[in-house]
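Just so you know, our numbering puts 166 at position 53 of the sequence shown, and the rest follows in order with no gaps.
C-beta: ideal position from N, C-alpha, C; glycine also.
The model shown is predicted, which means the values in this text are computed figures rather than measured ones.
Reading through the structure tokens given below for one structure.
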Amino acid sequence: MKKAVSWILLAAVWLASILVFVLKIHALEVFAIPVVMTVLLIAMTLFQRWCRRKVIQLYGEGSHEAVVETRNLEALSNTNLLSCVLLTAVHGFILYCRVSGRGDFSGLEKILAAFLGLLLVVVGNLLPKLRPNKYVGIRLPWLMHDEARWAKTHHFGGFAMVFCGVAMLGCAVFTGISSHVALAMLLFTVGCIVAYSLLVKG
114 MKKAVSWILL
124 AAVWLASILV
134 FVLKIHALEV
144 FAIPVVMTVL
154 LIAMTLFQRW
164 CRRKVIQLYG
174 EGSHEAVVET
184 RNLEALSNTN
194 LLSCVLLTAV
204 HGFILYCRVS
214 GRGDFSGLEK
224 ILAAFLGLLL
234 VVVGNLLPKL
244 RPNKYVGIRL
254 PWLMHDEARW
264 AKTHHFGGFA
274 MVFCGVAMLG
284 CAVFTGISSH
294 VALAMLLFTV
304 GCIVAYSLLV
314 KG
């Protein structure tokens, strides 16, 4: 279902780009985001299939380990879908500005910050559910072979990302937020998670 929605969004973005290009704006730049989305979806689809094949080869189909790893990989589908939603919203805003002749992209930072905040909330909710694996999560070397530290770090990381995401989303919706501030908030959150992973004991 998530993959289907992602591909539908991609088709809608391509259709909108073609219509705008033909009817209003003869500029190849309108195809930049559809191309990025296409590459992203193809790359993530191939990567997930490769990961699933490796998991089945390693653990055997239907085994408990394979089920756990498959659940871990589902996190990629969620983040990939939200990335497609973000790119679709950005593309819609850009096309609206172009077609309406506004040429004003001042609201773009708000959209990006809001969707980045939403992405952090989704990822933050997924992190505590992950188990040690080779593909997704906070895969720091000192966590990979210590399940207790992995679990504690991912619970803290999930809380930190949700907190940062809600704050970023709130700022974007109610007060406005610059890309520099959003990036600083994200880097601070990541720094706190890494520091916690170093300090926490198994």
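Query - I121 to F276 span [Cα, whole Å] - result: Position 8 of the sequence shown holds residue 121. Position 163 of the sequence shown holds residue 276. If I take the Cα positions, the gap works out to 31 Å.
Requested in this report: For my contact list, L243 and G237 are in at a C-beta cut-off of 8 Å; report their separation, rounded to the angstrom.
Outcome: Position 130 of the sequence shown, counted from the first residue, corresponds to residue 243. Position 124 of the sequence shown, counted from the first residue, corresponds to residue 237. With 8 Å as the limit, L243 and G237 do not qualify as a contact, their Cβ atoms being about 12 Å apart.
**Report entry** Beta-carbon proximity check, S213 vs L153, cutoff 8 Å
**Finding:** Counting from 1 along the sequence shown, the entry for residue 213 is found at position 100. Counting from 1 along the sequence shown, the entry for residue 153 is found at position 40. No, Cβ-Cβ distance for S213 and L153 is not below 8 Å.
Query raised in the report: Should E182 be labelled buried (16 or more other beta-carbon atoms within 10 Å of its own) or exposed?
Result: As a position in the sequence shown, residue 182 is number 69, starting the count at 1. The residue in question, E182, is buried, as its Cβ has 16 or more Cβ neighbours within 10 Å.
Query - Alpha carbon of R162 to alpha carbon of L189, nearest angstrom - result: Within the sequence shown, residue 162 is the residue found at index 49, counting from 1. Within the sequence shown, residue 189 is the residue found at index 76, counting from 1. Near 12 Å, if we compare the C-alpha coordinates of L189 and R162.
Query raised in the report: If you drop the 5 nearest sequence neighbours on each side, which residues of the same chain put their C-beta closer than 6 Å to that of L233?
Result: Mapped onto the sequence shown, residue 233 falls at position 120. Cβ neighbours of L233 beyond the five flanking positions: M274, C277 and G278.
Query raised in the report: Residues in its own chain within less than 6 Å of H204 by CB, not counting five upstream and five downstream?
Result: As a working note, residue 204 is residue 91 in the sequence shown. The answer, listed in chain order, is V126 and I146.
**Report entry** Supposed contact pair L200 and V149 - C-beta distance, whole angstroms, cut 8 Å
**Finding:** The count along the sequence shown starts at 1 and reaches residue 149 at position 36. The count along the sequence shown starts at 1 and reaches residue 200 at position 87. Going by Cβ atoms, the distance from V149 to L200 rounds to 7 Å, so yes, they are a contact pair.
Report task. Please work out which residues of its chain come closer than 7 Å, Cβ to Cβ, to V118, disregarding the five sequence neighbours upstream and downstream, and give them in chain order. Result -> Taking the sequence shown and counting its residues from 1, one reaches residue 118 at position 5. These residues qualify, in order along the chain: L194.
Query raised in the report: Does R211 have its Cβ less than 8 Å from a Cβ in chain C?
Result: Included in the structure is just one protein chain, with no chain C present.
Query raised in the report: How long is the line joining the alpha carbons of G288 and V198, rounded to whole angstroms?
Result: To locate residue 288, count along the sequence shown from 1; it is residue 175. To locate residue 198, count along the sequence shown from 1; it is residue 85. Reading off the sequence shown, one finds Thr at residue 288, where the question assumed Gly. Whole-angstrom Cα-Cα distance: 23 Å.
Query raised in the report: What residue does the alpha helix (DSSP H) around F269 start on, and which one ends it?
Result: Within the sequence shown, numbered from 1, the residue matching residue 269 stands at position 156. That run of the alpha helix (DSSP H) goes E260 to G283.
Report task. Examine the ligand MG and report whether any of its heavy atoms sits within less than 7 Å of the Cβ of H258. Result -> With respect to the ligand MG, the structure offers nothing, as it holds no ligand at all.
**Report entry** Spatially closest choice to M298 from Y309, C284 and L311, by CA coordinates
**Finding:** Here residue 298 refers to the residue found at position 185 when the sequence shown is read from its first residue. Minimum Cα distance to M298 is reached at C284.
**Report entry** Nearest residue (CA-CA) to S292, options P241, F228, G304 and L128
**Finding:** Within the sequence shown, numbered from 1, the residue matching residue 292 stands at position 179. Of the listed residues, the one whose Cα sits closest to S292 is F228.
Query raised in the report: Among residues of its own chain, excluding the 5 on either side of K265, which ones have a beta-carbon nearer than 7 Å to its beta-carbon?
Result: As a first step, residue 265 is located in the sequence shown; it is residue number 152 there, counting from the start. Once the five neighbours on either side are set aside, the close Cβ partners of K265 are V313.
Requested in this report: Could you have a look at L311 and say whether DSSP puts it in helix, strand or coil?
Outcome: Position 198 of the sequence shown holds residue 311. Three-state result, L311: helix.
Query raised in the report: Does the distance from the CB of K143 to the CB of L208 come in under 8 Å?
Result: As a first step, residue 143 must be located in the sequence shown, where it is residue number 30. As a first step, residue 208 must be located in the sequence shown, where it is residue number 95. Looking at the sequence shown, residue 143 is not Lys but Val. Yes; because the gap between Cβ atoms is below 8 Å, this pair is in contact.
**Report entry** DSSP state of M257 mapped onto helix, strand, coil
**Finding:** Indexing the sequence shown from 1 puts residue 257 at position 144. In the structure shown, M257 sits in coil (DSSP, three-state: anything other than H, G, I, E or B).
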